[in-house]
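For my numbering, count along the sequence shown from 1 and bump the result up by 25. The C-beta atom is built at its ideal place from N, Cα and C for all residues, glycine as well.
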Amino acid sequence: MSLQGLPALLQRTLEHLNKLGSEFAADSQKVKALLERFLEERFHLAVLGQFKRGKSTLLNALLGEELLPTSVVPLTAIPTFILWGPELRARVHYQDGRPGDEFPTRHDKTAYDGTEHDKTRNGPILASFLSQFVAESGNPKNCKGVSHVEVFHPSPLLHNGVVLIDTPGIGSTFRHNTEATLNFLPQCDAALFVVSADPPITEVEVDFLKAVRPRVARLFFIVNKVDYLSEEEKGALLHFVGNVLREQVGIKEESPIFCVSARQGLEARQSADVALWKRSGLEEVRSHLIDFLARDKTSALREALANKAWEMIADVLMRLRITIRSLQMPLTELDERLQIFEKELQEAGRQQIVMRDLLAGDRKRTVEFLEEQAEHLRQKARVYLKGTVWESLARIDAAFDENRVQEDLADAIPRFFEHELGEMAHAFDLRVSEVLLPHQQRADELIETVRKTAAELFKVPYHALESSGAFQMNRQPYWVTHPWNSTLNPLPVGWAARLLPAGLRRARLEKRLMKQVEELVLFNVENLRWATLQNLDQAFRSFGSTLDEHLQAAIAATHGAIQAAQAKRRDQTPTIAPEIARLQSAIVELENIQAALQAKTRAAV
Ligand SMILES: Nc1nc2c(ncn2[C@@H]2O[C@H](COP(=O)(O)OP(=O)(O)OP(=O)(O)O)[C@@H](O)[C@H]2O)c(=O)[nH]1
Ligand SMILES: [Mg+2]
26 MSLQGLPALL QRTLEHLNKL GSEFAADSQK VKALLERFLE ERFHLAVLGQ
76 FKRGKSTLLN ALLGEELLPT SVVPLTAIPT FILWGPELRA RVHYQDGRPG
126 DEFPTRHDKT AYDGTEHDKT RNGPILASFL SQFVAESGNP KNCKGVSHVE
176 VFHPSPLLHN GVVLIDTPGI GSTFRHNTEA TLNFLPQCDA ALFVVSADPP
226 ITEVEVDFLK AVRPRVARLF FIVNKVDYLS EEEKGALLHF VGNVLREQVG
276 IKEESPIFCV SARQGLEARQ SADVALWKRS GLEEVRSHLI DFLARDKTSA
326 LREALANKAW EMIADVLMRL RITIRSLQMP LTELDERLQI FEKELQEAGR
376 QQIVMRDLLA GDRKRTVEFL EEQAEHLRQK ARVYLKGTVW ESLARIDAAF
426 DENRVQEDLA DAIPRFFEHE LGEMAHAFDL RVSEVLLPHQ QRADELIETV
476 RKTAAELFKV PYHALESSGA FQMNRQPYWV THPWNSTLNP LPVGWAARLL
526 PAGLRRARLE KRLMKQVEEL VLFNVENLRW ATLQNLDQAF RSFGSTLDEH
576 LQAAIAATHG AIQAAQAKRR DQTPTIAPEI ARLQSAIVEL ENIQAALQAK
626 TRAAV
């Protein structure tokens, strides 16, 4: 059986919960959240490669129109996320969080036909809008401070939450993108790696691929620009690229490599030329991607959501059974059991206070660890940047070309700190998960104790829940575009200094440069320390409040069910029989949904 019916089952669960009344409002919210996750789940597929290999052209061909700017000179400087939307739209996001620019702008709207999707006109208008932000020419050195751009497009390829990402090419002289790209990759689900027929594959690409491979779960390879090759030449090229990938990068034999002409593909889509589209090789890429996305993307997610829904219903069933028991048992007995349960809840409250203290202690220790790391990084950065200055000084002539030294420093800074940021983010992700895990387990145990006590007191079947999963890593990929301070003030050299003997001048220059290095180290490490501290605080804060919420919800649900039954017993004895019948029929309905969910998870395994 397929998992197609999962949203329908969730919808049915929602209807039953709504009928059951306001005591189940929190459960309805949970089902709604599962449904939303199902509908919103994104799959991030990045297009990677050296500059000018045709990454943007390839995406344009897959989308069927010229949306992303392309050029003969290195171009894409900012990542572009392409998501599904009913009509063509774009939004520019800035590093400082100020409101982003939108496409169509009011001015564009006169030329832009937002309702009728006119491919020949709208694509190029968007491309020229985008080039003001994502292209090196329109936004040199990212002076506009753009963090990323989102494009919404109605392509079926983007259905079911697929997000395509156009990334800046690595190896261009303009930018230091390699480290930023590497930091971004662990958050992507898969990547298309684009090389071109000429040159077949460079050393830079091999080195980059070696760094990419351990960071991305699934990699596909595209050899682009095969339009001027014969079939025989294509075969030889494929053989060559395959060998390099296997022998030098260690890519497995079965990883597919596609030979394509993105340019022909785009032409074919624009002129609806089916034969050319086939010849371009892009049909194979498209169908492979669609198969892969259908197979790998949703099955794991659906299974996980079906499991969660099953668990949630199990919890609701337990409470419904407790309510029925509470309605059936003699009132004195009910009062007695409620008293026992409330004692248990008091103990849980005490445990919760202890847990909060332990969590605060761990947060403090993690911050101390961060301070140690920052100090370590200061030392490392000093050594590295001083080394850069010495190397640079050794290369320059007696005129002490200070500008050259400064350029070398300005180059070294983003490279060094971008890399360190990636390392630190990774180390802290691991450390924070490690530190939080025992807290998660302790909270899960406490929640289970509460539920188990309720089940035992009221003699209903007990089902242990899976972990409350309060700590979940953020899976939204973010592109680090930190404003590393590498623009240095010119070093003022007074006229008197020019008259000094060369040796003395050099000594003074070195002293000034070292002072500058120290300032740069302090400023940039502080940047990194601050960013990490913010993330850390956020992780602890949201973890702590989620645990509290989960525990409160478990208490409110069980305690609430018993109290509500007790109140009914005292006030409205005549309505008790129909109430029991109503709850019993809800139990039957929910058990049916549970059985359907279970069949689905089993079928998916
Ligand atoms: N002959 C030929 N040229 C192509 C093909 N695909 C792209 N090009 C050309 O290659 C150049 C670079 O294409 P882009 O799509 O801008 O390359 P890119 O990889 O996105 O470049 P960056 O954004 O700078 O990293 C453009 O002039 C394209 O027209 C192709 O299949 N065949
Ligand atoms: Mg590009």
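Check: Comparing C-alpha positions only, which one of ARG390, GLN541, LEU291, GLY194 sits nearest to GLN431?; Outcome: GLN541
Check: Going by CA-CA distance only, name the one from VAL176, GLN466, PHE565 that's closest to ARG116.; Outcome: VAL176
Check: Using CA coordinates, which residue listed in PRO281, THR474, GLU427 is at the minimum distance from ARG531?; Outcome: GLU427
Check: Per DSSP, which one or two residues make a beta bridge with HIS173?; Outcome: HIS118
Check: Helix, strand or coil for PHE128? Go by DSSP, reduced to three states.; Outcome: strand
Check: Starting from HIS184, trace the beta strand (DSSP E) both ways and give me its first and last residue.; Outcome: HIS184 -> no beta strand (DSSP E), and no H or E assigned at all.
Check: For the 8 Å Cβ check, are there 3 or more pairs between the segment 548 to 566 and the segment 398 to 410?; Outcome: yes
Check: In chain order, what residues of the same chain have a beta carbon less than 7 Å from the beta carbon of MET449, not counting five sequence neighbours either side?; Outcome: GLN398, LEU553, THR557
Check: Quick check on the DSSP output: the alpha helix (DSSP H) that includes HIS444 runs from which residue to which?; Outcome: 427 to 482
Check: Are PRO193 and THR101 closer than 8 Å when you measure CB to CB?; Outcome: yes
Check: Closer than 7 Å between the C-beta and any heavy atom of ligand 2: which residues qualify, listed along the chain?; Outcome: LYS80, SER81, LEU93, THR95, LEU100, THR101, ASP191, GLY194
Check: Would you mind sorting PRO111 into buried or exposed? The rule is 16 or more other CB atoms within 10 Å of its CB.; Outcome: exposed
Check: If you follow the alpha helix (DSSP H) that SER567 is part of, which residue opens it and which one closes it?; Outcome: 527 to 596
Check: Could you say which of TRP415, ALA606, VAL72 lies nearest to LEU538 if we only look at CA atoms?; Outcome: TRP415
Check: What distance in whole Å lies between the Cβ atoms of LEU70 and LEU234, which are believed to be in contact at a cut-off of 8 Å?; Outcome: The pair is not a contact, with the Cβ atoms about 17 Å apart (cut-off 8 Å).
Check: Take ARG240 and list the residues in its own chain whose beta-carbon comes closer than 8 Å to its own, dropping the five residues that flank it on each side.; Outcome: LEU207, LEU210, PRO211
Check: For ASN268, count neighbouring C-beta atoms within 10 Å of its own C-beta (all shown protein chains included) and say buried if the count is 16 or more, exposed if not.; Outcome: exposed
Check: From which residue to which residue does the beta strand (DSSP E) around ARG243 run?; Outcome: 243 to 249
Check: With GLU473 and LEU490 assumed to form a contact (beta carbons below 8 Å), what rounded beta-carbon distance in angstroms separates them?; Outcome: 7 Å
Check: Apart from the five residues on each side of it in sequence, which residues of its chain come closer than 7 Å, Cβ to Cβ, to GLY139?; Outcome: With a pLDDT of 46 at GLY139, under the threshold of 50, the modelled position of that residue is not reliable, and no figure is offered here.
Check: Less than 8 Å between C-beta atoms, sequence neighbours within five positions excluded: which residues of the same chain meet that for TRP335?; Outcome: GLN619, LEU622, GLN623, THR626
Check: From the DSSP output, read off the bridge partner residues of TRP302.; Outcome: The partner list for TRP302 (beta bridge, DSSP) is empty, contrary to what the question assumes.
Check: According to DSSP, what are the bridge partners of PHE106?; Outcome: GLU175, ILE190
Check: Under 7 Å Cβ to Cβ from GLN330, same chain only, skipping five residues before and after it: list those, please.; Outcome: One detail in the question is off: residue 330 reads as Leu in this sequence, not Gln. Cβ neighbours of LEU330 beyond the five flanking positions: LEU31, LEU59, ARG62, PHE63.
Check: If we ignore side chains and look at the alpha-carbon of each, how far apart do LEU182 and PHE76 end up?; Outcome: 25 Å
Check: Could you check whether PHE68 and VAL187 sit closer than 8 Å to each other, using their CB atoms as the reference points?; Outcome: yes
Check: For GLU40 and ILE338, I'd like the C-alpha separation in whole angstroms.; Outcome: 13 Å
Check: Identify which residue in ASN185, VAL274, GLU257, LEU263 has its Cα closest to the Cα of VAL229.; Outcome: VAL274
Check: Less than 8 Å between C-beta atoms, sequence neighbours within five positions excluded: which residues of the same chain meet that for HIS178?; Outcome: LEU88, LEU92, ILE107, LEU108, TRP109, GLY110, LEU113
Check: For THR101, which residues does DSSP report across the bridge?; Outcome: ALA160
Check: So, helix, strand or coil for VAL285, using DSSP?; Outcome: coil
Check: Relative to ligand 1, is the shortest distance from any of its heavy atoms to the C-beta of PHE76 smaller than 7 Å?; Outcome: yes
Check: Rank VAL171, PHE246, PHE265 by C-alpha distance to the C-alpha of VAL310 and give the top, closest one.; Outcome: PHE246
Check: Of all the options SER53, GLN588, GLY125, which has the alpha carbon lying nearest to the alpha carbon of GLU361?; Outcome: GLN588
Check: Distance, Cα to Cα, MET380 vs LEU363?; Outcome: 25 Å
Check: Looking at C-alpha atoms only, which residue of VAL392, LEU608, LEU418, PHE442 is the closest neighbour of PHE564?; Outcome: It is worth fixing the name first, because residue 564 is Ala in this sequence and not Phe. Nearest C-alpha to ALA564: VAL392.
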